[in-house]
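Reviewing the structure listed below.
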Amino acid sequence: MSLEIKKVFALVDCNNFYASCERLFRPELNGKPIVVLSNNDGCIVARSNEAKALGIPMGEPLFKVKNLIAKHGIHVFSSNYALYGDLSHRVMEVLRQMECDVEVYSIDEAFLSLPVNKTWDRLKYVAVLRERVRKCVGIPVSIGIATTKTLAKAANRVAKKDAAGVFELNGTEQIDKTLQSMDVGDIWGIGRRSVEKLNRYGVYTALDLKRSDETLVRKQLAVVGARTLMELNGIPCISLEQAPPSPKSIVTSRSFGHPVTSFEDLREAVIAYVSRAAEKLRGQGVEADTVNVFVTTGPFDKQAQYSNNQTISLPRPTASTPVMIDAAIRGLRLIYRSGYRYRKAGILITGITAHGNRQLDLFSIGKPMKEDTPLMAALDKINAKWGRGAIQYGISEVSDKPRSMQQTQKSAAYTTSWHELPIAKAAN
DNA sequence: TCTGGGGTCCTAGGACCC
DNA sequence: TCTGGGGTCCTAGGACCC
Numbered sequence: 003m004s005l006e007i008k009k010v011f012a013l014v015d016c017n018n019f020y021a022s023c024e025r026l027f028r029p030e031l032n033g034k035p036i037v038v039l040s041n042n043d044g045c046i047v048a049r050s051n052e053a054k055a056l057g058i059p060m061g062e063p064l065f066k067v068k069n070l071i072a073k074h075g076i077h078v079f080s081s082n083y084a085l086y087g088d089l090s091h092r093v094m095e096v097l098r099q100m101e102c103d104v105e106v107y108s109i110d111e112a113f114l115s116l117p118v119n120k121t122w123d124r125l126k127y128v129a130v131l132r133e134r135v136r137k138c139v140g141i142p143v144s145i146g147i148a149t150t151k152t153l154a155k156a157a158n159r160v161a162k163k164d165a166a167g168v169f170e171l172n173g174t175e176q177i178d179k180t181l182q183s184m185d186v187g188d189i190w191g192i193g194r195r196s197v198e199k200l201n202r203y204g205v206y207t208a209l210d211l212k213r214s215d216e217t218l219v220r221k222q223l224a225v226v227g228a229r230t231l232m233e234l235n236g237i238p239c240i241s242l243e244q245a246p247p248s249p250k251s252i253v254t255s256r257s258f259g260h261p262v263t264s265f266e267d268l269r270e271a272v273i274a275y276v277s278r279a280a281e282k283l284r285g286q287g288v289e290a291d292t293v294n295v296f297v298t299t300g301p302f303d304k305q306a307q308y309s310n311n312q313t314i315s316l317p318r319p320t321a322s323t324p325v326m327i328d329a330a331i332r333g334l335r336l337i338y339r340s341g342y343r344y345r346k347a348g349i350l351i352t353g354i355t356a357h358g359n360r361q362l363d364l365f366s367i368g369k370p371m372k373e374d375t376p377l378m379a380a381l382d383k384i385n386a387k388w389g390r391g392a393i394q395y396g397i398s399e400v401s402d403k404p405r406s407m408q409q410t411q412k413s414a415a416y417t418t419s420w421h422e423l424p425i426a427k428a429a430n
């Protein structure tokens, strides 16, 4: 009996996404090497093909490749997440208009579920889709098709190298040929540690892994690895998730542009992070009852190292900014030690539940809940209209404060700010 | 001088309970 | 001195992803 397959997966992946976003408004940079930096202009997080060809590694600290950048005149951009988020949204909208099931997997990737139908040309369909994204949004994408998500990822790698930008992995022979040409570490879900372990057992290529003994894989890589093994063999273990569940945790943290030593500066940073996280909670319509605050010195600093964190449980779930700020500051007081040069601080919010699903506590029964929901709603509305940080809690963020971010190469908010809209001129 | 940020899942081990 | 067996919950840490 053969397993009848009714659906296949397609993975749509934006090519060099952040770099493509920057180029969209600077078309003269097409064909030129460009890179995009992380927050604080710290690391390289995206590269155009030309920059990759010049040997700029992913995740490399900027200062290590300064010479290479100067030598080849590589264009450098600070990250502009508002722009990338907006363009991502536009790409996903085009996909949704194509009447197939869509799972938005990350800012630049989406899985689709396509029906298997002999009278229907899947490759042609995704080629049309690809062209539509290019025409409507201007972002180039590659699309890989296969019977499992893991194989669709592999198919996408091939699509990326092909001018057509679309590729389907179909049939044992073709699958094996493709997997043989891939390092095992190129497989989705196989990271550096797993590669080390697998190499010890003579597993080097993706095909080696596909043909590995399940007992061995399960022992070395546990259930996650066993799942990957099955997916490589065409047995789907990871399904399409159309409705993303509400987040289980929300982290807001930043490295400081310069070391921070005083409690006041740390407090100011933590207030800003909590405010942002609480806003996210409200945006998702959820509440949380646990706030963890953490601080750390820089791992690359020569000075004494210190890092610590403190969890504060709230009496009941909330999304109120002042309640959460109060908790975070209490936590910060417990872990702050003077005499250290802090490089990073952040907060982690957990215990997230849907608004209205809250467990009543013994002391609030029968008493009206004192809430500042209307205040928070007003706050969010004003900040949405006038820009993030238009109204804040006791913060004075000015550019010469130590924690302000370094962003020296930032492009304009072309699509999300009225003030920075690009001007189009029509010649007649 | 300069080394990102935000997530998920899994596992092991400790505390605690009956 | 001898100290079971089964279970839950929580946390920290590892590994991975984009």
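So in our numbering, the last spot in the first sequence is 430, and the numbers never skip. No residue lacks a Cβ here, since even glycine has one placed at the ideal position from N, Cα and C. Since we're looking at a predicted model, the values are computed, not measured.
Exercise. Report the three-state DSSP secondary structure of I77 (helix, strand or coil).
Key: The residue asked about is misnamed: residue 77 is His in this sequence, not Ile. Correct three-state label for H77: strand.
Self-check item: Member of V225, T174, A224 whose CA lies at the smallest distance from the CA of R213
Solution: Of V225, T174, A224, the residue nearest in Cα terms is T174.
Quiz item: Going along the chain, which unbroken runs of the alpha helix (DSSP H) with 4 or more residues stay wholly within the region 286 to 334?
Solution: Complete alpha helix (DSSP H) runs here, min 4: none at all.
Quiz item: What span of residues does the beta strand (DSSP E) with P376 cover, start to end?
Solution: No beta strand (DSSP E) contains P376, which is instead part of the alpha helix (DSSP H) from 375 to 388.
Quiz item: Given that a residue counts as buried once 16 or more other Cβ atoms are within 10 Å of its Cβ, and exposed if not, what is L110?
Solution: Correcting the residue type first, residue 110 is Asp in the shown sequence and not Leu. Taking all protein chains in view, the Cβ of D110 is crowded by 16 or more other Cβ atoms within 10 Å, so the residue is classified as buried.
Quiz item: Would the beta-carbon of I314 fall within 8 Å of that of R339?
Solution: Judged by beta-carbon spacing, R339 lies beyond the 8 Å limit of I314, meaning their Cβ atoms are not closer than that value.
Quiz item: First and last residue of the alpha helix (DSSP H) that includes S90?
Solution: Per DSSP, S90 belongs to the alpha helix (DSSP H) from 83 to 98.
Quiz prompt | Burial state of K346, where buried means 16 or more other Cβ atoms lie within 10 Å | solution = Around the Cβ of K346, a 10 Å sphere holds 16 or more other Cβ atoms; the residue is buried.
Quiz prompt | In DSSP terms, what G348 is bridged to | solution = Partner(s): S255, F296.
Self-check item: Start-to-end residues for the alpha helix (DSSP H) that takes in V197
Solution: Start and end: 194 to 202.
Quiz item: Beta-carbon separation of R132 and I145 under 8 Å?
Solution: For R132 and I145, yes; Cβs fall inside 8 Å.
Exercise. Figure out for me which residue from L242, I240, Y203 has the closest Cα to the Cα of L223.
Key: The candidate whose alpha carbon is nearest that of L223 is Y203.
Self-check item: Backbone secondary structure at T410 - three-state DSSP
Solution: When secondary structure is reduced to three states using DSSP, T410 falls in the coil class, being assigned neither helix nor strand.
Self-check item: Reduced DSSP category for N17 - H, G, I as helix; E, B as strand; rest coil
Solution: Coil at N17, not helix or strand.
Quiz item: What span of residues does the alpha helix (DSSP H) with G227 cover, start to end?
Solution: Here the alpha helix (DSSP H) through G227 covers 216 to 234.
Exercise. Please work out which residues of its chain come closer than 6 Å, Cβ to Cβ, to D374, disregarding the five sequence neighbours upstream and downstream, and give them in chain order.
Key: Closer than 6 Å at the Cβ level, and outside the excluded window around D374, lie S322.
Self-check item: Exposure label - I351; buried when at least 16 CB within 10 Å
Solution: The residue is buried, with at least 16 neighbouring Cβ atoms inside 10 Å.
Practice problem: Using three-state DSSP, classify D188 as helix, strand or coil. | Solution: Helix at D188.
Quiz item: For Y344, is the classification buried or exposed, using 16 other Cβ atoms within 10 angstroms of its Cβ as the cut-off for buried?
Solution: Result: buried.
Quiz item: Okay, do the region 48 to 58 and the region 177 to 187 touch, 3+ Cβ pairs below 8 Å being the bar?
Solution: Contact fails: fewer than three Cβ-Cβ distances are below 8 Å.
Practice problem: Using alpha carbons as the reference points, say which of K163, E233, L171, A166 lies closest to I192. | Solution: For the residues K163, E233, L171, A166, the minimum Cα distance to I192 belongs to E233.
Exercise. Just tell me which of V143, K66, L56 has its CA closest to the CA of M94.
Key: The option with the nearest alpha carbon to M94 is V143.
Exercise. Determine the burial state of G285: buried for a count of at least 16 other Cβ atoms within 10 Å of its Cβ, exposed for fewer.
Key: Result: exposed.
Quiz item: If you follow the beta strand (DSSP E) that A148 is part of, which residue opens it and which one closes it?
Solution: Per DSSP, the continuous beta strand (DSSP E) segment holding A148 begins and ends at 143 to 148.
Quiz item: Which class does C23 belong to by DSSP, given the choice of helix, strand or coil?
Solution: Per DSSP, reduced to three states, the secondary structure at C23 is helical.
Quiz item: Distance, Cα to Cα, I327 vs M100?
Solution: Distance between the alpha carbons of I327 and M100 is about 44 Å.
Quiz item: How many angstroms separate the CA atom of K66 from the CA atom of A271?
Solution: Rounded to the nearest angstrom, the two C-alpha atoms are 28 Å apart.
Quiz item: For L181, which residues from the same chain have a beta carbon less than 6 Å from its beta carbon, with the 5 sequence-adjacent residues on both sides left out?
Solution: Spatial neighbours of L181 in its own chain (CB-CB distance under 6 Å, excluding positions within 5 residues in sequence) are listed in chain order as A208, L209, K212.
Quiz item: Does any heavy atom of the ligand NAD sit closer than 7 Å to the C-beta of G173?
Solution: This structure lacks the ligand NAD, and indeed carries no ligand of any kind.
Quiz item: In terms of alpha-carbon separation, which member of C16, T299, R229, V96 lies closest to H444?
Solution: Within the shown structure, residues of the chain are numbered from 3 to 430, placing residue 444 beyond reach of any answer.
Quiz item: What is the DSSP secondary structure of I425, counted as helix, strand or coil?
Solution: The answer is coil: DSSP assigns I425 none of H, G, I, E or B.
Quiz item: Can you tell which of Y342, E216, C16 has its C-alpha closest to the C-alpha of K304?
Solution: It is Y342 whose Cα lies nearest to the Cα of K304.
Self-check item: Separation of K9 from I240, as counted between CA atoms
Solution: Taking the straight line from one Cα to the other gives about 13 Å.
Quiz item: What span of residues does the beta strand (DSSP E) with I237 cover, start to end?
Solution: No beta strand (DSSP E) contains I237, which DSSP labels as neither H nor E.
Self-check item: Backbone secondary structure at A392 - three-state DSSP
Solution: Here A392 sits in coil by DSSP.
Practice problem: Please work out which residues of its chain come closer than 6 Å, Cβ to Cβ, to N82, disregarding the five sequence neighbours upstream and downstream, and give them in chain order. | Solution: Within its own chain, the residues whose Cβ lies closer than 6 Å to the Cβ of N82, once the five positions on either side in sequence are excluded, are K412, S413, listed in chain order.
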